[in-house]
Amino acid sequence: MDVIQLIISGLSTGCVYGLIAMGFVLIYKATEAINFAQGDMMMMGAFITLGLTNSDYMALPFWISVPITIALMGCLGYLLDSLIIRRMFGQSQLAVVILTIALGFVARFIAGAIWGHEPQSLESPIAGEYFKISNIVIGVPEIWIILVTVFLTAVLFLFFAKTKLGVAMQAASQNQMAAYYMGIPVRRINSLIWALSGIVAAIAGILFASKNAIDPATGLLGIKAFAAAVIGGLGSLPGALLGGLLIGLIEPFASRYLDGDIARLMPYLVLVLILVFRPHGILSQVQKKKV
Amino acid sequence: MSFLKLKDVTLQFGGVTAVDNISFEVEEGEVFSLVGPNGAGKSTIFNILSRFYKPNNGEIIFDGKNLLEKQSHEVASLGIARTFQNIELFEQASVLQNLLVARQTHRTSNALSEMLFLPSVKKEEYRHRLKVEKVIDFLDLQAYREKFISGLPYGVRKIVELGRALAIEPKLLLLDEPASGLSVEETQDVAFWIEDIKKVMGITVLMVEHDMNLVTSVSDRVMALADGKKLAMGSPEEVKNHPAVIEAYLGVSEEFEK
Amino acid sequence: MRVIFKKSYEADIRLFKDGVQAFWYLLLLVIAVILPFLINEYWVGEFSLMLIWAIAGMGLMLLVGHTGQASLGHAAFMAVGAYSNVIMQNNFNIPFILSLPLSGILAGLVGACIALPTRKLHGIYMAIATIAIGVLAEDLIVILEPWTGGVGGIFAPSIKLFGLDFDRYNNVSGLYWLILAITVLIVLGYKNILRSPLGRSFAAVRDSEISAQAMGVNIGKTRTLSFAISCAITGISGALMGHFSYVFTNETFNIVISINLLLMIVVGGVGFIHGAFLGAMVVTFLPSGISFTRDAFFSDFHIIPGIESGIFGLILIVVILFEPMGLYGRWLKFKTYFDLFPFYRKDMFRRQKTYLKTERTR
Chain Y
56 MDVIQLIISG LSTGCVYGLI AMGFVLIYKA TEAINFAQGD MMMMGAFITL
106 GLTNSDYMAL PFWISVPITI ALMGCLGYLL DSLIIRRMFG QSQLAVVILT
156 IALGFVARFI AGAIWGHEPQ SLESPIAGEY FKISNIVIGV PEIWIILVTV
206 FLTAVLFLFF AKTKLGVAMQ AASQNQMAAY YMGIPVRRIN SLIWALSGIV
256 AAIAGILFAS KNAIDPATGL LGIKAFAAAV IGGLGSLPGA LLGGLLIGLI
306 EPFASRYLDG DIARLMPYLV LVLILVFRPH GILSQVQKKK V
Chain L
4 MSFLKLKDVT LQFGGVTAVD NISFEVEEGE VFSLVGPNGA GKSTIFNILS
54 RFYKPNNGEI IFDGKNLLEK QSHEVASLGI ARTFQNIELF EQASVLQNLL
104 VARQTHRTSN ALSEMLFLPS VKKEEYRHRL KVEKVIDFLD LQAYREKFIS
154 GLPYGVRKIV ELGRALAIEP KLLLLDEPAS GLSVEETQDV AFWIEDIKKV
204 MGITVLMVEH DMNLVTSVSD RVMALADGKK LAMGSPEEVK NHPAVIEAYL
254 GVSEEFEK
Chain B
308 MRVIFKKSYE ADIRLFKDGV QAFWYLLLLV IAVILPFLIN EYWVGEFSLM
358 LIWAIAGMGL MLLVGHTGQA SLGHAAFMAV GAYSNVIMQN NFNIPFILSL
408 PLSGILAGLV GACIALPTRK LHGIYMAIAT IAIGVLAEDL IVILEPWTGG
458 VGGIFAPSIK LFGLDFDRYN NVSGLYWLIL AITVLIVLGY KNILRSPLGR
508 SFAAVRDSEI SAQAMGVNIG KTRTLSFAIS CAITGISGAL MGHFSYVFTN
558 ETFNIVISIN LLLMIVVGGV GFIHGAFLGA MVVTFLPSGI SFTRDAFFSD
608 FHIIPGIESG IFGLILIVVI LFEPMGLYGR WLKFKTYFDL FPFYRKDMFR
658 RQKTYLKTER TR
């Protein structure tokens with residue numbers, strides 16, 4: 056029965072990784088930019104909600120803070136792209152990576168300056184609640200996380216496949232010049248993608264914070280989310296979720312059955328192995344180029 | 004004994020047959036051109052020769068050696084050099100540095116001696132520089148030696164592309180659309196250079212080209228392709244007047260034959 | 308306007324373009340040598356630290372700037388150098404004069420072992436793999452506790468060379484000169500690489516793998532070699548850092564340090580040796596700069612923890628947005644302006660804008 060406990064716990068953590076990874080893949084799919092600040096955006100989303108909800112800050116009702124946070128993070132994403140990332144138009148991928156890493160540094164500093172560096176807990180209505188089936192304890196936050204993630208993934212997948220905006224986004228990601236010629240407002244679309252990514256990050260942050268304490272360095276688990284996105288295959292939204300779930304599951308099982316130090320290694324070891332044998336991830340989207 | 008021999012080479016990309024049972028032979032010292040409409044498989048044949056692609060079947064013998072056994076970076080040391088249709092120069096380097104890279108196959112020093120920059124390395128650098136200067140003289144690139152590729156006009160880049168291939172001191176030169184995008188005068192220059200390459204340097208040339216004037220003026224033999232299949236092979240005149248070739252390029256005017 | 312008239316091939320092959328350039332660099336060297344007589348001990352220590360970062364930066368620069376690969380885990384190789392150097396001296400009584408180069412070679416070998424299976428990876432995949440390596444290294448250090456002292460750390464002995472003791476507390480100037488000498492040697496080696504076929508093969512891999520292959524460059528082998536040399540140089544910097552810090556743990560070379568290293572060379576200017584030095588200057592003197600500014604202008608504010616990272620991030624954002632070629636790039640533009648005056652064209656260094664074409668069909 057232990058195993059089921061581990062599975063649920065692993066799945067829910069995996070869903071958070073998966074959501075962050077999906078936010079990351081959204082941006083990559085659209086602009087082939089690597090957003091190293093995705094984890095920090097998740098952290099900001101969590102902290103903004105905390106800042107709005109917690110009794111020692113603004114003490115708003117949880118169900119009001121959530122939409123406000125989501126809207127704020129959406130705007131933040133949009134502005135981030137339109138004011139800063141857009142200027143990187145035409146520059147190398149490395150430059151954007153460096154820029155987003157730097158943005159992450161700044162975000163971490165701002166969060167620390169506003170809310171301090173001590174770990175804090177979000178006072179959400181679902182935190183700490185649980186129910187029992189036979190003798191398995193299932194936390195309510197964990198169920199919420201899994202459900203919200205599945206729902207969000209389905210919505211995003213359909214969005215890209217079926218809606219006009221989604222298809223336009225795909226076009227812009229594959230060939231910007233051609234997209235321009237087709238009348239697609241590429242720059243506005245890119246900013247919308249960043250907004251969407253910000254929203255996904257915010258949701259991930261809120262979900263994470265209902266289960267764990269947060270502090271400004273929480274964003275660093277974005278690195279694990281990248282690992283997830285890469286394992287799943289960059290450019291594939293379901294792949295990102297898959298990668299996240301994989302890593303989420305590896306961690307608790309590894310620490311349960313393996314020595315503590317080696318357990319910490321496992322996700323990264325798996326990552327390296329996957330990269331060596333299947334360099335483009337499990338559900339990769341790379342095809343051969345004709346020279 | 005042919006210099007380059009392709010026999011029944013076939014390459015399929017998924018459902019598309021890019022190259023369909025192609026066989027031909029190139030004699031040493033001749034200029035052999037491949038012509039055909041776009042998508043005929045000409046550049047694909049070049050990419051097979053450069054070993055970027057592996058054909059599904061067939062054999063290729065170059066200078067007595069089995070080319071298909073070699074990897075892409077070994078092709079140059081066999082004596083085959085190529086230019087690229089879309090110019091793949093090293094953008095962040097000068098013309099001189101681009102040409103010097105081509106000397107890799109003639110490199111005699113190893114990493115350690117180079118880090119210490121032993122006198123032997125210095126001597127080698129002089130030797131390479133001398134060879135490269137000969138190519139610069141041949142192509143009149145003196146004015147562009149120090150210039151970075153990223154600032155050069157298209158015509159000059161094409162010449163540097165050619166120079167880089169020549170700096171390898173190849174036995175066989177693969178030219179992928181050397182005249183595309185060039186003006187009439189520049190194309191004439193290319194024609195003169197190809198003649199010199201053949202007669203003075205003794206290099207065999209295999210060329211893909213659309214400009215029929217250039218093809219007719221420099222080629223010894225021509226092969227026409229369409230849809231990956233061989234249409235005709237022979238002297239430029241023979242191929243130009245071959246009915247299958249005319250059909251592929253211009254179509255058959257049956258409907259108006261009333 | 309200064310025109311350099313070249314009269315022989317030698318002019319392109321030798322280290323310095325002309326006498327004037329040689330003069331300036333030699334002057335710089337002289338100043339560097341007499342530095343300990345000009346400033347107090349604390350600052351000599353800071354400059355030593357700067358040189359160590361510059362060496363680490365040069366290692367990473369060779370890989371990223373000149374071969375076009377990514378590495379976000381290079382601090383792992385500093386760790387290899389640091390730990391192996393100390394272990395060789397403490398456990399095996401190998402003298403510093405041997406343990407330093409050996410630790411570098413060991414770091415290089417480890418780098419080669421990692422580069423080999425990952426040589427087919429490009430771009431972001433390579434970056435992620437190196438992040439994983441960086442994190443793995445941190446944990447491996449803890450696992451190998453009997454050798455490395457794990458989380459508690461390890462103490463580096465003072466450097467014993469030619470009968471003299473060099474360390475930070477007893478002989479700061481001596482340590483500084485030693486590090487300076489090693490730095491100069493590495494710079495020379497680096498410059499030699501750049502002006503030889505090896506360096507050209509690296510640049511070829513960076514700029515166009517396809518045509519590099521057509522020129523006879525073995526991509527896999529070249530990348531591995533570049534990785535190995537890069538890790539060796541970084542390993543040496545790690546060994547020196549170990550001696551300088553006196554004590555170090557698995558946290559001294561963690562993933563944040565790796566990322567900082569990359570940011571450092573971007574600030575300085577990717578693709579230029581000077582970039583490593585300029586970046587090292589920024590990183591080393593930023594904390595002092597911040598406290599100085601605070602004391603001078605904002606004495607009411609207490610320093611918020613983490614402000615160094617925040618300001619470093621801000622500097623980086625400004626550099627990337629307004630001067631992607633880094634500090635040295637900006638300096639080059641100034642110099643070229645004066646060199647070519649009045650013929651300087653505004654967009655001389657402008658890179659062609661590349662419209663995004665998906666990397667997903669390569």
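Chains as they are written, first to last, in this note's numbering: chain Y, 56 to 346; chain L, 4 to 261; chain B, 308 to 669.
Glycine is no exception: its CB is placed at the ideal position from the N, C-alpha and C atoms.
Take residue i and list the residues in its own chain whose beta-carbon comes closer than 8 Å to its own, dropping the five residues that flank it on each side.
i: Ser116(L); result: Ser123, Val124
i: Thr490(B); result: Leu358, Ala361, Ile362
i: Asn109(Y); result: Gln175, Leu177, Glu178
i: Ala383(B); result: Ile440, Gly441, Leu443, Ala444, Glu445, Phe560, Ser565
i: Gln520(B); result: Ile526
What residues in its chain sit with their C-beta under 7 Å from that of residue i, if we drop five residues either side in the sequence?
i: Glu615(B); result: Leu593, Pro594, Ile597
i: Gly586(B); result: Gly364, Met571, Ile572, Val574, Gly575
i: Glu164(L); result: Thr86, Phe87, Ile90, Leu92
i: Ser246(Y); result: Tyr133, Asp136, Ser137
i: Leu158(Y); result: Ala92
i: Thr665(B); result: Unreliable positioning characterises Thr665(B) in this predicted model, as indicated by a pLDDT of 46, which lies under 50. The coordinate reading is nonetheless provided below. Excluding sequence neighbours, Thr665(B) sits near nothing in its chain.
Please state the DSSP three-state secondary structure of residue i.
i: Ser64(Y); result: helix
i: Val327(Y); result: helix
i: Phe462(B); result: strand
i: Tyr476(B); result: coil
i: Gly290(Y); result: coil
i: Asp2(L); result: Nothing about residue 2(L) can be read from this structure; chain L reaches only from 4 to 261.
i: Lys219(Y); result: helix
i: Pro322(Y); result: helix
i: Asn525(B); result: coil
i: Ala295(Y); result: helix
i: Thr374(B); result: coil
i: Ser116(L); result: helix
i: Asn347(B); result: coil
i: Asn109(Y); result: coil
i: Asp351(Y); result: Nothing in the structure corresponds to residue 351(Y), since chain Y is present only between 56 and 346.
i: Gln396(B); result: helix
i: Ser26(L); result: strand
i: Gly194(Y); result: strand
i: Met215(L); result: helix
Assuming the contact rule is C-beta atoms closer than 8 Å, residue i and residue j should be a hit. Round their C-beta distance to whole Å, please.
i: Arg160(L); j: Leu92(L); result: 6 Å
i: Gly481(B); j: Phe473(B); result: 4 Å
i: Ala386(B); j: Phe534(B); result: At roughly 16 Å, the Cβ-Cβ gap does not stay under 8 Å, so Ala386(B) and Phe534(B) are not in contact.
i: Gly303(Y); j: Gly69(Y); result: 2 Å
What does the Cβ neighbour count give for residue i, buried or exposed, with the cut at 16 atoms within 10 Å?
i: Gly226(L); result: Here residue 226(L) is Met; the residue named in the question, Gly, does not match the sequence. It is buried - the Cβ of Met226(L) has at least 16 other Cβ atoms within 10 Å.
i: Leu335(B); result: exposed
i: Thr218(Y); result: exposed
i: Tyr382(Y); result: With chain Y covering 56 to 346 only, the question about residue 382(Y) has no answer from this structure.
i: Leu313(Y); result: exposed
i: Trp118(Y); result: exposed
i: Lys3(L); result: Only positions 4 to 261 of chain L appear in the structure, and residue 3(L) is not among them; the question remains open.
i: Ala511(B); result: buried
i: Cys130(Y); result: exposed
i: Val187(L); result: exposed
i: Ser97(L); result: buried
Leaving aside the five residues before and after residue i along the sequence, list all residues of the same chain whose C-beta is less than 6 Å from its C-beta, in chain order.
i: Glu317(B); result: none
i: Lys8(L); result: Glu28, Ile64
Return the chain-ordered ranges of every alpha helix (DSSP H) run that is complete within the stretch 29 to 110 of chain L and spans a minimum of 4 residues.
The qualifying runs are 45 to 52, 78 to 81, 98 to 104.
With a floor of 4 residues, list each alpha helix (DSSP H) that falls wholly inside the stretch 204 to 281 of chain Y, ordered by position along the chain.
Within the stretch 204 to 281 of chain Y, the complete alpha helix (DSSP H) runs of at least 4 residues are 219 to 229, 231 to 236, 241 to 264.
Mind pulling the beta strand (DSSP E) runs of 3 or more residues that sit fully within the stretch 563 to 597 of chain B?
Within the stretch 563 to 597 of chain B, not a single complete beta strand (DSSP E) segment reaches 3 residues in length.
Quick one: complete beta strand (DSSP E) runs, 3+ long, within the stretch 169 to 214 of chain L?
Within the stretch 169 to 214 of chain L, the complete beta strand (DSSP E) segments of 3 residues or longer fall at 175 to 179, 207 to 211, listed in chain order.
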